[in-house]
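Okay, structure coming up:
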């Protein structure tokens, strides 16, 4: 496999499939402008950062930016760490990704937190994504051996609450991507990709009474992976990170003395350029030039789709989930994730269970999709969480 094939396929086609479940070729070159009905996936480096690593959120359709926090909160909204009850804890999550198609692709996630005081909390996490083994060949199909591509992200997070209702959080992230180090391409020797990024997040929650029952209403937002571009060779192309805007709300109702029910709804949009439409001479006939700075890419991402406003709407994904707790010991979860067929076709249901006993929680999730069209069908996630010490803050 030559590097051109690796670079374009491994993290545009293969990696997009790992995250969104389906890929399509680059926007067709022609002389007619798009009306937003053609498939036009947004391609970035390291899309594994968009995979929900923990089983709890994974069981709720990947929703959770405003759901009550736990040890894994930094992966979806670091500001939720500020409202955790216990003084410290850690968790480990694991998912055999695309197990029905490839036997050796795996995602592992290790996270932890420590409350400095009632207002301030720090956290750290490590996300490791192994793409298994890949047979490499050169442009003449000569054997170049076996590669074991892998990617990781190391985070340090900080969260602070400003009373009982509002908190802010941030994460600093180092990202490493090794797809084909040591190989050669037309732009030079291939090396690992490196980048740094930050997340900025917030959470607001309030307790009220609805229909005679105590209800916690919350709203959260997170802009993740704001950072440097990534390159895999000195003379090669620079790729955007998957900067993502996630916003949503949640409502937790106390059903009775033993039960609570949470409903969550999230909206997601990538804040990176959408590929324009080119004519046969590679001139842009619709859309905008994607070769922009990171700030220009973020702010321009709301108005650069070649199909106009209708295509911009298709870039908004929806995640919704339910979580039922009985006696704060046993949880049942379900969810649904939707993304337009024109923007990745990520459509699936999720189910999951949770068990809490003393200091530890066990979580499990299962993804239900059409096995004929989605490589994500039958994806499993497992999580083990530990929380220690006496309660320091009340959610």
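Residue numbers (mature numbering (1 follows the signal peptide of the UniProt record, and there is no 0)): -25 to -1, 1 to 370.
Beta carbons are placed, not taken as given, at the ideal position from N, Cα and C, and that holds for glycine.
Inset, instruction - Count the other C-beta atoms from every protein chain shown that fall within 10 angstroms of the C-beta of residue 289, then say buried if there are 16 or more, exposed otherwise. - result: Its Cβ being crowded by 16 or more others within 10 Å, residue 289 is buried.
Inset, instruction - Quickly, what does DSSP pair residue 71 with across the bridge? List them, please. - result: BP columns for residue 71 point to 81.
Inset, instruction - Output yes or no for whether 8 Å exceeds the beta carbon distance between residue 351 and residue 217. - result: No, the pair does not count as a contact, with Cβ atoms beyond the cut-off.
Inset, instruction - Answer yes or no: do residue 84 and residue 28 have a C-beta to C-beta separation smaller than 8 Å? - result: Contact annotation: residue 84 and residue 28 have beta-carbon atoms nearer than 8 Å.
Legend entry - residue 355 (DSSP reduced to helix, strand or coil): Three-state DSSP puts residue 355 in a strand.
Inset, instruction - Note the first and the last residue of the continuous beta strand (DSSP E) segment covering residue 245. - result: Its beta strand (DSSP E) spans residues 234 to 245.
Legend entry - Alpha carbon of residue 49 to alpha carbon of residue 209, nearest angstrom: When rounded, the distance between both Cα atoms is 33 Å.
Legend entry - Cβ-based neighbour list, residue 295, same chain, cut-off 7 Å, excluding 5 preceding and 5 following: These residues qualify, in order along the chain: 36, 38, 239, 240, 310, 311.
Inset, instruction - Can you give me the start and stop residues for the alpha helix (DSSP H) that residue 284 sits inside? - result: Boundaries of the alpha helix (DSSP H) around residue 284: 284 to 289.
Inset, instruction - Find out if the Cβ-Cβ distance for the pair residue 149, residue 171 is shorter than 8 Å. - result: Result yes, Cβ atoms of residue 149 and residue 171 sit closer than 8 Å.
Legend entry - Residues that residue 170 bridges to, as DSSP identifies them: In DSSP, residue 170 forms a bridge with 150.
Inset, instruction - Measure the C-alpha to C-alpha separation of residue 416 and residue 142 and round it to an integer number of angstroms. - result: A question about residue 416 goes unanswered here, because the residues of the chain that appear run from -25 up to 370.
Inset, instruction - Determine the DSSP secondary structure at residue 205, reduced to helix, strand or coil. - result: Strand at residue 205.
Legend entry - Residue ranges of each beta strand (DSSP E) within the stretch 298 to 338, 3 or longer: Qualifying beta strand (DSSP E) stretches, in chain order: 305 to 313, 323 to 332.
Inset, instruction - Return the residue from the list 19, 71, 23, 57 that minimises the CA-CA distance to residue 357. - result: Comparing Cα-Cα distances from residue 357 to each of 19, 71, 23, 57, the minimum goes to 71.
Legend entry - Length of the line joining the Cα atoms of residue 34 and residue 96: Residue 34 and residue 96 have their C-alpha atoms spaced approximately 26 Å apart.
Inset, instruction - Counting only the same chain and skipping the five closest in sequence on each side, list residues whose C-beta sits under 8 Å from that of residue 366. - result: When the five nearest sequence neighbours on each side are left out, the beta carbons in the same chain lying within less than 8 Å of the beta carbon of residue 366 are those of 60, 61, in order along the chain.
Inset, instruction - Indicate the three-state DSSP secondary structure (helix, strand or coil) for residue 88 in the structure shown. - result: When secondary structure is reduced to three states using DSSP, residue 88 falls in the strand class.
Legend entry - Nearest candidate by alpha-carbon position, reference residue 265, set 283, 313, 215: Looking from the CA of residue 265, the closest CA among 283, 313, 215 belongs to 215.
Legend entry - Residues near residue 101 by beta carbon distance below 6 Å, same chain, minus five either side: The answer, listed in chain order, is 85, 129.
Legend entry - Local Cβ density within 10 Å of residue 329, reported as buried at 16 or more and exposed below that: So residue 329 counts as buried.
Legend entry - Integer Cβ distance of residue 111 from residue 120, believed to fall under 8 Å: Right, their Cβ atoms sit about 6 Å apart.
Inset, instruction - Measure the Cβ-Cβ separation of residue 40 and residue 223 and say whether it is below 8 Å. - result: In this structure, residue 223 lies closer than 8 Å to residue 40 by Cβ.
Legend entry - Residue environment, residue 31, which counts as buried when at least 16 other CB atoms sit within 10 Å: Answer is buried; the Cβ neighbour count reaches 16.
Legend entry - Where residue 274 sits in the DSSP three-state scheme: It is helical.
Legend entry - Given residue 173 as reference, the closest of 145, 167, 187, 78 once Cα atoms are compared: When 145, 167, 187, 78 are compared, the shortest CA-CA separation from residue 173 is found for 145.
Inset, instruction - Run through the stretch 172 to 231 for me and flag every whole beta strand (DSSP E) of 3 or more residues, listed as ranges in chain order. - result: DSSP runs (the beta strand (DSSP E)) wholly in the stretch 172 to 231: 188 to 202, 219 to 229.
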